[in-house]
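See structure below.
In my numbering, the protein residues as written are 127 to 247.
Quick look at the structure:
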């Protein structure tokens with residue numbers, strides 16, 4: 127069982143993904159924004175895995191990843207996005223991400239990517 131921080135501004139997506147990951151045996155903490163996610167990490171410590179949306183108001187998911195990496199943290203990060211253009215994928219690759227999922231995300235793909243990022247696939 128892993129401790130996963132799930133960050134997404136869309137309440138429904140956040141709840142559904144949290145439910146899927148919980149049913150798969152993980153403990154899930156949630157945040158509605160990148161800023162809230164950072165506060166969660168400061169308050170509760172680094173999770174085993176971060177799953178974040180890219181397209182969020184305020185700080186986007188890639189900037190969140192960049193800030194996390196600048197702290198020296200090596201926690202695996204998976205991004206969820208509706209973007210599939212090469213520039214966005216290249217930008218994500220430079221941040222050392224554990225992977226990304228294109229929307230719409232199936233429950234199976236979410237579980238598989240989380241387990242892969244955690245090294246339990």
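Every residue gets a Cβ at the ideal spot worked out from N, C-alpha and C, and that includes glycine.
query = Taking the alpha-carbon positions, what's the residue 182 to residue 158 distance?
reply = Within the chain shown, numbered from 1, the residue matching residue 182 stands at position 56. Within the chain shown, numbered from 1, the residue matching residue 158 stands at position 32. C-alpha separation (whole angstroms): 9 Å.
query = Around the C-beta of residue 154, are 16 or more other C-beta atoms found within 10 angstroms, so that it is buried, or is it exposed?
reply = Against the chain shown, residue 154 aligns to sequence position 28. Counting Cβ neighbours within 10 Å, residue 154 comes out buried, since at least 16 surround it.
inquiry  = When you compare the CB positions of residue 243 and residue 218, do they come within less than 8 Å of one another, or not?
reply    = Position 117 of the chain shown, counted from the start, is the residue given in the question as residue 243. Position 92 of the chain shown, counted from the start, is the residue given in the question as residue 218. The answer is no: Cβ separation not under 8 Å.
task = Ignore the nearest five residues each way along the sequence and tell me which others in residue 179's own chain have a CB closer than 8 Å to its CB.
result = By 1-based counting over the chain shown, the position of residue 179 is 53. Excluding residues within five positions, the ones whose Cβ falls inside 8 Å are 133, 134, 135, 136, 139, 187, 205, 206 and 207.
inquiry  = Assuming the contact rule is C-beta atoms closer than 8 Å, residue 164 and residue 203 should be a hit. Round their C-beta distance to whole Å, please.
reply    = The residue given as residue 164 occupies position 38 in the chain shown. The residue given as residue 203 occupies position 77 in the chain shown. Their Cβ separation, rounded to whole angstroms, is 13 Å, which puts residue 164 and residue 203 out of contact at 8 Å.
ask   = Mind checking whether residue 210 and residue 228 have CB atoms under 8 Å apart?
value = What you label residue 210 is simply residue 84 of the chain shown in a count that begins at 1. What you label residue 228 is simply residue 102 of the chain shown in a count that begins at 1. Yes, they are a contact pair.
query = For residue 129, which beta-bridge partners are listed by DSSP?
reply = Here residue 129 refers to the residue found at position 3 when the chain shown is read from its first residue. Beta-bridge annotation (DSSP): residue 129 is paired with 153.
request  = Please report how far the alpha carbon of residue 198 lies from the alpha carbon of residue 239, in whole angstroms.
outcome  = As a position in the chain shown, residue 198 is number 72, starting the count at 1. As a position in the chain shown, residue 239 is number 113, starting the count at 1. Within the model, the alpha-carbon separation for residue 198 versus residue 239 is close to 23 Å.
request  = Return the chain-ordered list of same chain residues with a C-beta closer than 7 Å to the C-beta of residue 192, the five sequence neighbours on each side being excluded.
outcome  = Taking the chain shown and counting its residues from 1, the one referred to as residue 192 is at position 66. For residue 192, where only same-chain residues beyond five positions count, the Cβ hits under 7 Å are 221.
ask   = Just curious, the alpha helix (DSSP H) that residue 206 is in, first and last residue?
value = For the purposes of this step, residue 206 is identified with residue 80 of the chain shown, where counting begins at 1. Taken as a continuous stretch (DSSP letters only), residue 206 belongs to no alpha helix (DSSP H), being part of the beta strand (DSSP E) at 203–207.
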